[in-house]
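Working notes, structure below.
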Amino acid sequence: MAKKAILDLLETTIGQYVLDIDPKSLNVAIWGGNVQLHNLRLDTEAINGKLRQMSADQPGLSLPLRVSGGGVGFVEVEVPWTKIGSKSVVMRLTDLEVIVEPDDADGMVGTAHASEADDGDDTSHQPP
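Just so you know, we're using numbering that gives the first Met the number 0 here: the sequence shown kicks off at 0 and counts up by one.
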């Protein structure tokens with residue numbers, strides 16, 4: 000039962016935001032009390048979906064950015080099986096890289112200059 004709770008913890012914390020986690024490998028490693036994962040790629044679709052959902056829920060906190068790539072160099076989870084009732088399960092992430100770029104989903108990024116250039120009637124720069 001405790002093993003399932005740890006596996007669920009991994010799945011609900013980092014599992015939904017990274018690619019290529021092998022559940023069978025996790026299942027074996029979890030019994031040893033120490034899980035180590037290397038070079039995980041971020042699931043940009045899942046992350047951007049969560050960001051869109053959060054933006055819809057709280058529009059005042061949204062940013063015009065989207066995650067275009069990234070990864071986690073190393074994830075370590077320590078499970079103190081012999082003292083599981085009194086010690087914490089520890090999860091460490093190192094070498095986190097998140098690549099963001101402007102999000103043009105609402106059509107706002109970079110459109111101000113394009114609309115001025117497209118109207119063909121630029122009289123604002125004529126000499127007096």
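All C-beta atoms, glycine included, are put in the ideal place defined by N, C-alpha and C.
Helix, strand or coil, according to DSSP, for residue i in the structure here?
i   : result
Q52 : helix
L8  : helix
From the DSSP output, which residues share a beta bridge with residue i?
i   : result
N33 : E77
E96 : G70
L64 : P101
When you compare only the Cα positions, how much space is there between residue i and residue j?
i    : j   : result
S87  : L60 : 32 Å
W30  : L36 : 15 Å
Q101 : E10 : Residue identity check: residue 101 is Pro in the sequence provided, not Gln. Approximately 29 Å, taken between the alpha carbons.
A4   : A55 : 31 Å
S85  : D7  : 20 Å
Is the separation between the beta-carbon of residue i and that of residue j shorter than 8 Å?
i   : j   : result
R65 : N38 : no
L50 : V71 : no
G14 : L41 : no
Pull up the CB-CB distance for residue i and residue j, whole angstroms please, since I reckon it's below 8 Å.
i   : j   : result
E75 : N33 : 7 Å
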